[in-house]
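Trainee: Mind having a look at this structure? Questions to follow.
2 protein chains.
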Amino acid sequence: MADGNEGLTGRVTIRTVAADAGVSVAAVSKVMRNAYGVSDALRLKVLASIEKLGYRPSVGARGMRGRTFTLGVLLVGIDNPFLPGIYQGIESVTEAAGYKIMVGVGAARTRTEVQLIEQMIDNRMDGIILVASQIAGETLEHFAGQLPIVVVGHHEPKALGYDTINNDDQFGARLAVQAFLDRGYRDIAYLTQSDREDDFADVAPQREHGYRNTMTAVGLADRIRVFCLPTYGQPRVAMIRDILLSPDRPRAIFCWSDLDALPLLSEAHRLGVRIPEDLALIGYDNSPMAQMSMVDLTSIDQDGPRLGKLAAEALFTRISGRQVAEHILIEPTLIPRGSL
Amino acid sequence: MADGNEGLTGRVTIRTVAADAGVSVAAVSKVMRNAYGVSDALRLKVLASIEKLGYRPSVGARGMRGRTFTLGVLLVGIDNPFLPGIYQGIESVTEAAGYKIMVGVGAARTRTEVQLIEQMIDNRMDGIILVASQIAGETLEHFAGQLPIVVVGHHEPKALGYDTINNDDQFGARLAVQAFLDRGYRDIAYLTQSDREDDFADVAPQREHGYRNTMTAVGLADRIRVFCLPTYGQPRVAMIRDILLSPDRPRAIFCWSDLDALPLLSEAHRLGVRIPEDLALIGYDNSPMAQMSMVDLTSIDQDGPRLGKLAAEALFTRISGRQVAEHILIEPTLIPRGSL
DNA sequence: CCCGTTTCGTGCACCGTTCTACGTAAATCA
DNA sequence: TGATTTACGTAGAACGGTGCACGAAACGGG
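Residue numbers (the working numbering), protein chains in the order written: chain A, 14 to 353; chain B, 14 to 353.
Pasting the structure below:
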């Protein structure tokens, strides 16, 4: 009884278990990691003690030498409609593999995001998945030297140190423009967000590029028009109104995200601009709200669950030692609804 | 050069810093925690080395003896409209205090939530905030013995080991019913969610209680009607239709959350049931979508940021040693819009 | 000038794991 | 039967910090 656990705290450690089971600390450790060289008899004894005492290994201590079996997931925000799908996809894979997830919420601020990554490294996560982060490629390359990284929603096809999983945003834009063209619209504008630094790797510029290319390819280069919206603040609504009330309001608008398509739709409704009779609309992300009948917004679907699944799988192969970078692009689809 | 950091790994540890600054390991540790007994000269030297080498302490190692300066936040899900506000409130306080946050996503499954709490304990978080968790009171009491806990969105006013921060859901329900009554509606029903175990501590039953009480108080006990909706699955839409197409459809419905009010609104719109001429509606949480003009949903606002702020503050005082439980209730407000 | 106080800085024993030897007994082979 | 392998279990040194106990200056009062 005076053996093994001399600590006064109630906390049950690997030593408590070892003492209770009458084996060495190393033996318990082996059982926990189901490592090689442990007999069934021993395993049973240890497992019984673990169960009895309710032992749980400390991730911190564990991380000092071995793995933590924990992955970090960095999300842009918490209110973005395309995150739940991706998260679910990630979780489905990691859960099956017995890994835990810790989430960081970046709030779309680069500084916060960097801090969160550092925090995840400090916590010895075995790897991290960055979702729609704004962090520059070189910064990522720097972090990638310290732990496996997979990036979702940020195009960096030349990156060497980390993987990228994306939907083909340029193709998605083409789908949207093409859908407009098929219905006879020609005066098609693009609505994007202006606050984010203008990194071509971001999804919004990618979609803009796809928009411009497609317009040019069909001989409508002179009709190209791009509107910018700030992420927050009062000017947002005012600018939306400007667009809607302008005498040369476009006939159709492709929005970089439902996040901006929905407020646009709302203002249009408020001002009596009919959708799609006066203005046709396509969004991106196919968020749950888009399918509500009073919204009925056509949108591009990225298949978030699949993106998340691929990201998690890539991360695992990287953790297992893969060194060469992998860059996956999947095809988005258009979900037609009443807004065009 | 052969001093201090003999490890081959590039990782810079507290020893690396100590060697570089020409001081003891303990001195560096003191500077990091700005503990007592360190001169300005020493501090400056150490700080310079830390800056130069880019040293970051390992949270895991740190947690083995001292604090981790990290808080865990457990969220029900990622798609719930009332979470962003709360999270933001929490963050505003913790950031100022130099604490980091790790988020766990519970997906509204009790088992997952328990696992996440255990994981946070394993990671030696200094304390945790549970948002709208479904975990039973006694389980919480058990965990509260291991680390400071504050619960938001779960009523447990008798709890001894942890704090609760809530909006007064019964009062919120009263606001809603009263608003209906003021406009002459008398045939008022309540829509709740059925999947969650029927714990009276949950917000939905609290609101139901408030609804029933108010109806009874004004002599409308015989008009009380409660509809239940499953959280997921196809039956949801079918059940919503049943409600809307039933010959004795209520004249007004108070929905436990915008989460269900929105789909209801959508189906109503699809079926040609006019809002509010045929059916008046009030939701809960005042989510961003509620204010869209094509939605225009009256909703109860809980002031998420304030809830989050109070929760974080309570957690800090508890971490600082407070033992006696604190149970705060704030008053929600009704945001009137076109749906009634 | 001596002796109690502070003020600083250091050495060292932890914290709870993993992991690399290494020892021993059983099993296999010649 | 003796020599080798194989299977199992153990000691003990990391890992990267914290915090206590202690010694050495510096201070200051009688």
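Using N, Cα and C, we set each Cβ at its ideal position, and we do this for glycine too.
S300/B to A172/B, Cα distance in whole Å?
Mentor: Distance between the alpha carbons of S300/B and A172/B: 30 Å.
Trainee: Against chain A, which members of the segment 135–168 of chain B pass a CB distance test of less than 9 Å?
Mentor: Cβ contacts with chain A come from D135, N136, R137, G158 and Q159.
Trainee: Are the segment 102–122 of chain B and the segment 53–68 of chain B touching by the rule of at least three beta carbon pairs closer than 8 Å?
Mentor: Too few Cβ pairs lie closer than 8 Å, so no.
Trainee: May I ask you to list the residues that DSSP assigns as paired with A145/A?
Mentor: None, per the DSSP bridge assignment.
Trainee: Measuring only between beta-carbons, confirm whether R283/A sits less than 7 Å from chain B.
Mentor: At least one chain B Cβ lies under 7 Å of R283/A.
Trainee: Can you tell me where the alpha helix (DSSP H) with T29/A in it begins and where it stops?
Mentor: It spans I27 to A34 - the alpha helix (DSSP H) in which T29/A sits, taken as one unbroken run.
Trainee: Please identify the residue among S52/B, P97/B, N47/B and H222/B whose C-alpha is closest to the C-alpha of R319/B.
Mentor: With distances taken between Cα atoms, R319/B lies closest to P97/B.
Trainee: In chain A, which residues lie with their C-beta within 7 Å of the C-beta of D92/B?
Mentor: Chain A residues near D92/B: P97.
Trainee: Where do the N-terminal and C-terminal ends of the alpha helix (DSSP H) with T244/B fall, by residue?
Mentor: Premise fails: T244/B is in no alpha helix (DSSP H) and is neither H nor E.
Trainee: Work out the CA separation of L342/A and D181/A for me, nearest whole Å.
Mentor: Those two C-alpha atoms are separated by around 6 Å.
Trainee: Mind checking whether A189/B and F240/B have CB atoms under 7 Å apart?
Mentor: No.
Trainee: Ignoring anything shorter than 3 residues, give me the beta strand (DSSP E) runs that lie fully in the segment 231–293 of chain B, in order along the chain.
Mentor: Entirely contained in the segment 231–293 of chain B, the beta strand (DSSP E) runs reaching 3 residues are, in chain order, 239–242 and 265–268.
Trainee: Might you give, ordered along the chain, the residues of its own chain that have their beta carbon closer than 8 Å to the beta carbon of D33/A, omitting 5 neighbours on each side?
Mentor: Excluding sequence neighbours, D33/A sits near G17, S62, K65 and L66.
Trainee: Since I395/B sits in a beta bridge, which residues does DSSP pair it with?
Mentor: Shown here, chain B extends from 14 to 353; a query on residue 395/B therefore has no answer.
Trainee: Look at the Cβ atom of R24/B, then the Cβ atom of D135/A, and state whether they are nearer than 7 Å.
Mentor: Going by C-beta atoms, R24/B is not nearer than 7 Å to D135/A.
Trainee: Closest by CA to A265/A, which one among E326/A, G166/A and L294/A?
Mentor: That would be L294/A, whose Cα lies nearest to the Cα of A265/A.
Trainee: Let me know if A109/B comes out buried or exposed under the rule of 16 or more other beta-carbons within 10 Å of its beta-carbon.
Mentor: So A109/B counts as exposed.
Trainee: Taking DSSP's pairing of strands, which residues face V116/A in a bridge?
Mentor: V86/A and V116/B.
Trainee: Specify the secondary structure class of D16/B as computed by DSSP and reduced to three states.
Mentor: Reliability of the predicted coordinates at D16/B is poor, the pLDDT of 39 falling under 50, and the value obtained from them is presented with this limitation in mind. Of the three classes helix, strand and coil, the one that applies to D16/B here is coil, per DSSP.
Trainee: Buried or exposed for M14/A, going by 16 or more other Cβ atoms inside 10 Å?
Mentor: With a pLDDT of 35 at M14/A, under the threshold of 50, the modelled position of that residue is not reliable, and the figure given next carries that caveat. Exposed.
Trainee: Whose C-alpha, out of T229/B, L272/B, I313/B and E104/B, is nearest the C-alpha of L328/B?
Mentor: Selected option, being the one with the closest Cα: E104/B.
Trainee: Closest to G150/B by C-alpha separation, out of D139/B, V163/B and R225/B, would be which residue?
Mentor: The option with the nearest alpha carbon to G150/B is V163/B.
Trainee: Using DSSP with H/G/I as helix, E/B as strand and the rest coil, what is L328/B?
Mentor: Here L328/B sits in helix by DSSP.
Trainee: Tell me Y297/B's beta-bridge partners as DSSP assigns them.
Mentor: Y297/B is bridged to I313/B.
Trainee: Short check: CB of T346/A to CB of D309/A, under 7 Å?
Mentor: Contact flag unset, no.
Trainee: Starting from S42/A, find everything on chain B with Cβ-Cβ shorter than 8 Å and list it in chain order.
Mentor: By Cβ distance, chain B contributes nothing, its closest Cβ being about 15 Å from S42/A, past 8 Å.
Trainee: To the nearest angstrom, how far is the alpha carbon of N179/A from that of L278/B?
Mentor: Approximately 34 Å, taken between the alpha carbons.
Trainee: Sorted by chain position, which residues of the same chain lie with C-beta nearer than 8 Å to R249/A's C-beta, five sequence neighbours on each side aside?
Mentor: The answer, listed in chain order, is L242, P243 and P276.
Trainee: Please confirm whether E344/A and D176/A have their CB atoms less than 7 Å apart.
Mentor: No, these two residues do not count as a Cβ contact at 7 Å.
Trainee: Can you list the alpha helix (DSSP H) stretches of 4 or more residues lying completely in the segment 34–105 of chain B, in chain order?
Mentor: Counting only runs of 4 or more, we get 38–45, 53–66 and 72–78.
Trainee: Count the CB pairs spanning the segment 80–91 of chain B and the segment 135–146 of chain B that are closer than 8 Å, and state whether there are at least three.
Mentor: With a cut-off of 8 Å, the segment 135–146 of chain B and the segment 80–91 of chain B count as touching, because enough Cβ pairs lie within range.
Trainee: Near R350/B, which residues of its chain fall below 8 Å by C-beta distance, leaving aside the five closest residues on each side in sequence?
Mentor: Counting only Cβ-Cβ distances below 8 Å, and skipping sequence neighbours, we find A303, Q304, D309, L310, T311 and S312.
Trainee: Which same chain residues end up closer than 8 Å to I114/B when comparing Cβ atoms and leaving out the 5 residues on each side of it in sequence?
Mentor: If we look at I114/B and ignore the five residues flanking it on each side, its Cβ neighbours are T83, L84, G85, V86, I103, E104 and T107.
Trainee: Are the C-beta atoms of V89/A and some chain B residue less than 7 Å apart?
Mentor: False, the Cβ-Cβ gap to chain B never drops below 7 Å.
Trainee: So for L204/B, helix, strand or coil by DSSP?
Mentor: Here L204/B sits in strand by DSSP.
Trainee: Under 8 Å between beta-carbons, which chain B residues line up against M228/A? List them in chain order, please.
Mentor: The premise fails here: M228/A is roughly 29 Å from chain B at the closest Cβ pair, so nothing lies under 8 Å.
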